[in-house]
Structures are given as C-alpha cells and as structure tokens.
Ligand code: SF4
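In the working numbering, the protein residues as written are 5 to 271.
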C-alpha cells in the first residue's frame with residue numbers, strides 16, 4: 005500500500021476522518037477557489053523555470069474556472085485573484101532568489117521510500133535547487149495570510165518539511181510562501197532539519213501505519229472550547245448523519261485508497 009504525508013497527517017488529526025476518506029471513499033468536493041487557484045499558480049511557477057510565459061500559463065489555467073461555481077472567501081473574486089497572482093509572479097521574477105537547474109528533473113519530483121510489509125511512502129517535492137545560493141528542497145505555498153515566523157525556529161517544526169527531509173534525506177529545506185493580499189508578498193523561509201527529527205518522523209510513520217493496519221479508527225474530534233476542529237472537517241456530515249451536509253460537501257469515489265497518492269498533488 006502507498007502512504008503519503010497527507011494520509012499520515014489526516015490519520016493523526018482524526019482516525020475516523022481517515023477511514024471516511026481513504027477506506028470508504030468520501031472526498032470533499034473540489035469547490036474552494038483558493039485551492040484551485042493555488043494549483044493553477046503552481047503550474048505558472050513551474051513555467052518560470054521551464055522558460056515559458058508564466059503570466060500566460062496562469063491566465064490560461066485559471067480561465068478554465070472563470071464560470072465554475074467555486075466558493076470564494078469574503079473579498080475574493082476571480083479577477084482579484086488573477087491580479088494578485090500576476091503581481092506575485094512579477095515579484096518572484098524580480099527577486100530572482102531561486103535557481104532550479106535541470107527543471108525537467110528537479111520540479112514536482114516523485115520520491116518513494118520503501119516501508120516494511122511491502123508498503124511504500126510516496127511524496128512529491130515541489131523543487132530541488134538553490135535558495136539564496138543554498139542547496140535545498142523547496143515547497144511552494146499559496147495563501148491569503150503570512151506564515152508565522154516567530155518565535156525563531158518555528159519553521160523547523162513544520163511536519164511537511166520534516167516529512168520531505170525524511171523522504172529525501174536532504175537536511176536543508178525551504179518554504180516559499182506566496183501571500184495573496186492587498187500588497188502581495190513572498191516569504192522566502194529556510195531551515196535545517198536534523199537527523200534526530202528525521203528518525204523521529206520515521207518512527208511516527210511506522211506507529212501510524214501499525215494503527216491503520218490494526219483498523220483503529222476512533223473519532224478524535226479535538227474539540228476544546230472555543231476551538232472546534234469538526235467545524236472545518238469535510239466529514240462532519242457523516243459524523244452528524246446529516247444528509248444535507250453530506251450532499252453539499254462530499255462525493256463518494258470507488259477504489260478509495262488506490263488513488264490516495266494523488267492527494268499529494270493537490271494538498
Ligand atoms: S467531524 Fe470531527 S469526529 Fe467526525 S471525522 Fe471530522 S474531525 Fe473526526
């Protein structure tokens with residue numbers, strides 16, 4: 005079986021949600037504008053390194069959703085997101101802080117790691133190259149708010165970066181955050197992941213897979229007033245047995261786990 009970061013983090017957040025998604029096939033309908041825009045934008049970033057016209061790529065990809073019934077957050081529109089994306093691409097080109105040699109090989113790299121019992125772990129790394137002259141693996145994020153930079157060292161706790169470092173055995177990691185806001189901003193963040201962190205992550209993966217294979221799927225809502233993680237969980241309708249909510253946010257796919265690795269291209 006193939007496991008991915010998204011699967012492991014989904015299980016750790018709530019094992020019941022994992023079962024709904026990966027065993028029963030209940031997937032969230034893809035209607036969030038920000039998520040779809042993020043995918044279009046990442047394709048535009050790729051074209052920066054491949055020598056294409058990144059602005060044209062963004063326009064072309066995003067235009068496919070111009071009339072789609074997407075969910076926009078307050079203040080977001082199709083036009084505004086396009087405008088923000090174009091300004092971020094201009095800024096990215098001006099900054100010129102990232103180099104990706106041989107972009108055909110070093111962008112969207114599929115990395116596999118063998119696990120016990122014929123399982124494997126699969127991940128897609130956005131890029132391997134240089135950030136401010138330092139060789140590292142990189143992840144792009146498109147978001148509407150800045151990544152927290154304080155207290156110092158916070159980035160080194162990012163579980164996805166630790167996972168990618170474990171998967172590739174590369175210590176230096178970078179996060180490039182494209183912030184869509186009034187004045188678009190790009191954060192270039194870099195940190196080192198230690199061998200101890202990589203080993204600890206490996207143990208966490210092994211422990212999680214043991215629990216999945218033992219069919220342990222208790223609900224773990226994490227409710228602690230006033231936070232309620234269930235409110236933002238796409239499987240809330242299933243837990244509440246609320247058919248209207250299920251119909252609004254979910255779609256059931258056959259062969260759930262066979263396609264699970266594709267999540268890595270989306271999340
Ligand atoms: S609604 Fe809450 S308990 Fe149910 S799957 Fe989602 S996070 Fe878990």
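Where a beta carbon is used, it is the ideal one built from N, C-alpha and C, also for glycine. Source: prediction; values computed, not measured.
Closer than 8 Å to chain B by CB, residue i
i          : result
residue 92 : Going by chain labels, chain B is absent from the structure shown, which holds only one protein chain.
Boundaries of the alpha helix (DSSP H) in which residue i is found, first to last residue
i           : result
residue 22  : 19-22
residue 87  : 82-99
residue 182 : No alpha helix (DSSP H) holds residue 182; the beta strand (DSSP E) holding it covers 176-183.
residue 214 : 199-217
residue 167 : 163-172
residue 143 : Where residue 143 is concerned, there is no enclosing alpha helix (DSSP H), although the beta strand (DSSP E) it sits in stretches over 138-147.
residue 237 : Segment: none, residue 237 is in no alpha helix (DSSP H) and carries neither H nor E.
residue 59  : 58-67
Closest by C-alpha distance to residue i, when choosing among the options
i           : options               : result
residue 115 : 101, 171 and 64       : 171
residue 178 : 184, 149 and 144      : 144
residue 175 : 202, 158, 163 and 191 : 202
residue 108 : 131, 91 and 93        : 131
residue 160 : 197, 154 and 181      : 197
residue 195 : 22, 246, 125 and 140  : 140
residue 35  : 242, 120, 74 and 128  : 74
residue 100 : 154, 49, 41 and 83    : 49
residue 61  : 82, 78, 81 and 86     : 86
residue 55  : 78, 20, 106 and 251   : 106
residue 37  : 12, 110 and 67        : 67
residue 104 : 93, 112, 79 and 133   : 133
residue 90  : 57, 119, 102 and 72   : 57
residue 150 : 164, 190 and 123      : 190
residue 257 : 199, 182 and 32       : 32
residue 52  : 252, 93 and 204       : 93
residue 169 : 154, 95, 183 and 117  : 117
residue 2   : 162, 228, 110 and 82  : In the structure displayed, the chain extends from 5 to 271; residue 2 sits before or after that span and is not available.
residue 215 : 125, 19, 79 and 192   : 19
residue 79  : 226, 212, 69 and 185  : 185
residue 163 : 10, 6 and 236         : 10
residue 12  : 147, 158 and 124      : 124
residue 224 : 218, 217 and 234      : 234
Boundaries (first-last residue) of the beta strand (DSSP E) holding residue i
i           : result
residue 190 : 189-196
residue 124 : 124-135
residue 111 : 111-118
One or two residues paired with residue i in a DSSP bridge
i           : result
residue 75  : 36
residue 30  : 256
residue 6   : 124
residue 250 : For residue 250, which the question treats as bridged, DSSP gives no partner whatsoever.
residue 102 : 135
residue 231 : 228
Closer than 7 Å: residue i CB and nearest ligand 2 heavy atom
i           : result
residue 155 : Among the ligands modelled here, namely ligand 1, ligand 2 does not occur.
Kindly provide the chain-ordered list of residues whose Cβ lies closer than 5 Å to any non-hydrogen atom of ligand 1. The filter returns 18, 20, 21, 223, 225, 234, 237, 239, 240 and 243, in chain order.
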